[in-house]
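Colleague:
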Amino acid sequence: MSLLRSRILNSNLPRELIATCTLTPPHREPHHRQFSVLNRPPPNYEGHVPLTKTERVGMAIGSAVLAFLNPRRAETNKDLIATLGETTSQPYFITRLRDTMLLTPSGRRILRLRPRITSSTLSLPHLRSLPKNTLGHTYALWLDREGVSPDTRDAVKYIDDEECAYVMQRYRECHDFYHAITGLPVWREGEVALKGFEAVNLGLPMAGLSVAAVATLKKGERSRFWGVYGPWAVENGVGARCLIDVFWEELLERDVGEVRRELGIEMPVDLRGVRKAERERRRKGREEGERSGDGLGIN
Amino acid sequence: MNPVLSSLRARQLSGVRCRTCARLLRREKRSFATASGAGDPEGDPEIYDVVCVGGGPAGLSLLAALRSHPTTSRLRLALIETQSLTPLRTFAPQPDSYSNRCSSLTPASVGFLDGIGAWRHVRRERVMSYGGMRVWDGVSGESIGFDVDGGGGGVEGVKEEREGTEGSNGGVVAYMNENVNLTSALLRRIEELGGVDILEGEKVEDIAFGEDTPTADLTSWPVITTSSGTRLAARLLVGADGANSPVRTFAGIESRGWDYNRVGLVATLKLSGPGWGGEGKKIAYQRFLPTGPVAMLPLPGNMSTLVWSTTPALAARLKSLSPEDFCAMVNAAFRLRTPDLKFLHTIEGGQKDEVSWRETHTKFSREQVPQDVVAVQPGSIASFPLKFRHADSYISQRIALVGDAAHSVHPLAGQGLNQGQGDVEALTQNIIYNVEHGADIGTRMNLEGYGKERYWRNHVLMGVVDKLHKLYATENLGVVRVRSLGLGIVDRLEGVKGWVMRRAAGERGLF
Ligand SMILES: Cc1cc2nc3c(=O)[nH]c(=O)nc-3n(C[C@H](O)[C@H](O)[C@H](O)COP(=O)(O)OP(=O)(O)OC[C@H]3O[C@@H](n4cnc5c(N)ncnc54)[C@H](O)[C@@H]3O)c2cc1C
């Protein structure tokens, strides 16, 4: 543009041409009004904490470093991950996720109705009573197996746009549905695999950063990630349709296999099963070693 | 007596006399001229100095210009127009109803029209001048707007001295006017001056070189046969016959370019008010969307005219909507973000409800966008394919092209009709010069000056308009960033902005 314009301005051009340039004399509109910590603007929604740019960057770096240095704290203190997620996804990534929702009827319906997923909006006893093959039953079963509840999600506070804040909230609340439909457990190994899937499927940087936690996995887990769950995450993240606009609440009574097929998700190898088999093998190996040692001793 | 000869005599030709004219003069001594009235298929064609094919804005203003200048007022002129001109003669519009074909006239065009005595006949109460434009990028939200009276270095230089022209608010960027208001004024001016043979409701059937008859050697003259069998020989044949110009085809001039795969959807709209600044401070709005720019241009009162460049498929969807949903879509086009617009184009109805919900979640400043569209004038929604076409040459032996016959440009800068007025002004100057110097107005050599001057002016303008379209017809983030950056830099150069504004208003002279 500037090249075009400088050419216009430097050449001897007819008067009509210049009329075209009326399309471009600009007036910059301030995108974000700057403020300092001393005159923080009022919140845009309940619980909102407006941050200055410096604070935002500082918190993003701080939470990332802390989460990496002290993964245990990151795991137990969900707030750290939440902060990281919020501070790294604004303004670009969360807006893009919201825009993805705006492109489909179900995404728009979610934005309009703003459903919440909590133990009061979803009756777990009811879900448990649904036929075994339903999404609702699978979800309830997964919550029970992993011992988690839908109410453990933090409220969003650092996303400035009120609608984008809801999208972040929605993402958090849907996270357990992603677990349930893929069957991945909440332990670190399962979580890393799912984060990889989310990073590719939703394009959230925080999910991508969390994959760095693969470095903190045990050796066997790590090679399993590179060999099995990593490739699965990429393949399915790309292949599945973007999950953010799935209206899970409306699919609860549907057959879970059918839902998976519609969304384009393949179940990964059951991690619990793999680990169990692994443990079994190791135990056997140890026993055999002991036995052969005995044998040696005998001989 | 043969009118060509009479006019040649009247001018007392000096040595600059082409061979044909010399021969004609010699022959005329030997024989009688053809009977007056149009020539018939059997007899010789009627001979004219200028035959203009096409009675659009370009053709009519050429005839009015030639008739109104003392030097050229005695040339023998004919107009051939396919359509009946009666609607132009009886143009009696309802005060609250406007044609959907409106064009913005630059002060330069208005100055020219005033000079040829046509502007007086324009119904001024239907013309809306505007002093500011707000233009912005629909993807980045970057504003490119300015206000003529206020910032931007101002355009104080563009005070309207001309008596009776609109725009008491000082700087006028352009005048919004219905094409029919202009063409009917031009026709009134032509009929007031008289002396143009008008063949209306007649199509050009054939154009061929004439014969060497006992009265005149017309072998190098184009002879036009109309649908009623009338034959006219032209010293200079002007093609003002629009984009599919038969004159250009006859001349064998190639017109090159491409289709944008876009249409310009037009409509006459009623807004909730006369504009944020009231009747005296009208503003034009244009927002660049990835599918093309959408523009809202002010008409008197609460009325406005819409030009929305978009894909044929999206235009078809817009046309199929209920009036309520259509209005909602126009409001959305100036307010909502790209994903919303994309989605709203996919649904068959219910846009009104969707848009009012999305407006509550979209950040925009009400006063920075046009007031709400509340109604669309019934039957005013139409669309025209948008093309880029430029003729290889504007002239040939005894041929000149003006207006859309020579060039079609994307309407984003509102320049098509104005370019045609510029062509007409230059061609008129060229003819006046030749007549004053006793030169044949039709020879290629004598037309060269017109052809060169206008070709290059239009060429550069069209190139820039085309690049602007392409630059903004993308959502590619890199491009969006760079173009915003470019705008930001120019924003800092206040002097440049003032200069640009003055050119925008069509002020003459370059620096
Ligand atoms: C959506 C849209 C918006 C526009 N907005 C603007 C604007 O804001 N500002 C601006 O300056 N321009 C604008 N334009 C461009 C402008 O409308 C044209 O440039 C202008 O009308 C061209 O005038 P013209 O006289 O050259 O050709 P036309 O208006 O096309 O006139 C040609 C005439 O020739 C006649 N004709 C054709 N063939 C024959 C034949 N064989 N025999 C006899 N007669 C024939 C036709 O009937 C017609 O009357 C816009 C164009 C579009 C599509």
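Protein chains in written order, with this note's numbering: chain W, -2 to 296; chain R, 557 to 1067. Don't be surprised by glycine CBs; every beta carbon is placed ideally from N, CA and C. Please read all numbers here as calculations on a predicted model, not as lab measurements.
1) Do you know offhand how far R:Gln985's Cα is from R:Val666's?
2) May I have the straight-line CA-CA distance separating W:Ala57 from W:Glu160, to the nearest angstrom?
3) Could you tell me if W:Trp245 is buried or exposed, where buried requires 16 or more neighbouring beta carbons within 10 angstroms of its beta carbon?
4) Would W:Val189 and W:Val164 be called neighbours here (beta carbons separated by less than 8 Å)?
5) Does the beta carbon of R:Lys1026 sit closer than 8 Å to a beta carbon anywhere in chain W?
6) If we count the other Cβ atoms within 10 Å of its Cβ and call it buried at 16 or more, is W:Ser103 buried or exposed?
7) Which residue comes first and which comes last in the alpha helix (DSSP H) that contains W:Gly144?
8) In angstroms, rounded to a whole number, what distance separates the CA positions of R:Lys715 and R:Gly727?
9) Which value, in whole angstroms, describes the spacing of the CA atoms of R:Ala550 and R:Val929?
10) Take every Cβ of the region 866 to 875 of chain R, pair it with every Cβ of the region 914 to 930 of chain R, and state whether three or more of those distances are shorter than 8 Å.
11) Using DSSP with H/G/I as helix, E/B as strand and the rest coil, what is W:Glu275?
12) Could you tell me whether the Cβ atoms of R:Val863 and R:Pro967 are closer together than 8 Å?
13) Give me the subset of the region 140 to 162 of chain W whose CB atoms are less than 7 Å from a CB atom of chain R, sorted by chain position.
14) Should W:Asp76 go down as buried or exposed, given a rule of 16 or more other Cβ atoms within 10 Å for buried?
15) Could you check what DSSP says for R:Thr902 in three-state terms: helix, strand or coil?
16) Helix or strand or just coil, what does DSSP make of W:Lys281?
17) Can you grab the Cα-Cα spacing for the pair W:Leu121 / W:Glu285, in whole Å?
18) What residue range is occupied by the uninterrupted beta strand (DSSP E) comprising R:Val850?
19) In chain order, what residues of the region 910 to 928 of chain R put their CB closer than 7 Å to some CB of chain W?
20) Is W:Gly286 helix, strand or coil by DSSP?
21) Taking CB distances under 8 Å as the criterion, tell me whether W:Pro38 reaches chain R.
22) I'd like to know whether the C-beta of W:Asp96 is nearer than 8 Å to at least one C-beta of chain R.
23) Within 8 Å of any Cβ in chain W, is that where the Cβ of R:Pro846 sits?
24) Please name the residue, chosen from W:Ala210, W:Ala162 and W:Arg150, that lies closest to W:Leu66 on a Cα-to-Cα basis.
25) Which class does R:Ala674 belong to by DSSP, given the choice of helix, strand or coil?
26) Within its chain, find whatever has a CB closer than 6 Å to the CB of W:Gly234; leave out the 5 residues flanking it on each side and keep chain order.
27) Short check: CB of W:Ala152 to CB of W:Gly44, under 8 Å?
28) Please classify W:Asp158: is it buried, with 16 or more other beta-carbons within 10 angstroms of its beta-carbon, or exposed?
29) Any C-beta of chain W sitting closer than 8 Å to the C-beta of R:Pro613?
30) Report the residues of the region 874 to 902 of chain R with a CB closer than 9 Å to any CB of chain W, ordered along the chain.
31) Is the shortest distance between the beta-carbon of W:Arg106 and the beta-carbons of chain R less than 8 Å?
32) In the structure shown, what three-state DSSP assignment does W:Val256 receive?
33) Roughly how many angstroms separate the alpha carbons of W:Arg278 and W:Arg272, rounded to a whole number?
34) Three-state secondary structure (DSSP) at R:Val683?
35) Does the Cβ of R:Gly976 lie closer than 7 Å to at least one heavy atom of ligand 1?
Modeller: Let me lay it out:
1) 17 Å
2) 21 Å
3) buried
4) Result no, Cβ atoms of W:Val189 and W:Val164 do not sit closer than 8 Å.
5) no
6) exposed
7) Note, W:Gly144: premise wrong, no alpha helix (DSSP H); not H, not E.
8) Confidence in R:Lys715 is poor, its pLDDT being 33 and thus under 50, which makes the residue's placement too unreliable to answer from.
9) No answer is possible for residue 550 of chain R: it lies beyond the span of chain R, which begins at 557 and ends at 1067.
10) no
11) For W:Glu275, the secondary structure class from DSSP, reduced to helix, strand or coil, is helix.
12) The criterion of a C-beta distance shorter than 8 Å is satisfied by R:Val863 and R:Pro967.
13) Glu160
14) exposed
15) coil
16) helix
17) 46 Å
18) Gly848 to Pro854
19) Listed in sequence order: Trp913 and His917.
20) helix
21) With respect to chain R, the C-beta atom of W:Pro38 has no partner C-beta closer than 8 Å.
22) yes
23) No, no contact with chain W.
24) With distances taken between Cα atoms, W:Leu66 lies closest to W:Ala210.
25) coil
26) For W:Gly234, where only same-chain residues beyond five positions count, the Cβ hits under 6 Å are Phe194, Val197 and Asn198.
27) Result yes, Cβ atoms of W:Ala152 and W:Gly44 sit closer than 8 Å.
28) It is buried - the Cβ of W:Asp158 has at least 16 other Cβ atoms within 10 Å.
29) no
30) Arg893, Thr894, Pro895, Asp896, Lys898, Phe899 and Thr902
31) So, not an interface residue.
32) Looking at W:Val256 - three-state DSSP - the assignment turns out to be helix.
33) Here the alpha carbons of W:Arg272 and W:Arg278 stand approximately 10 Å from one another.
34) Three-state DSSP puts R:Val683 in coil, outside helix and strand.
35) yes
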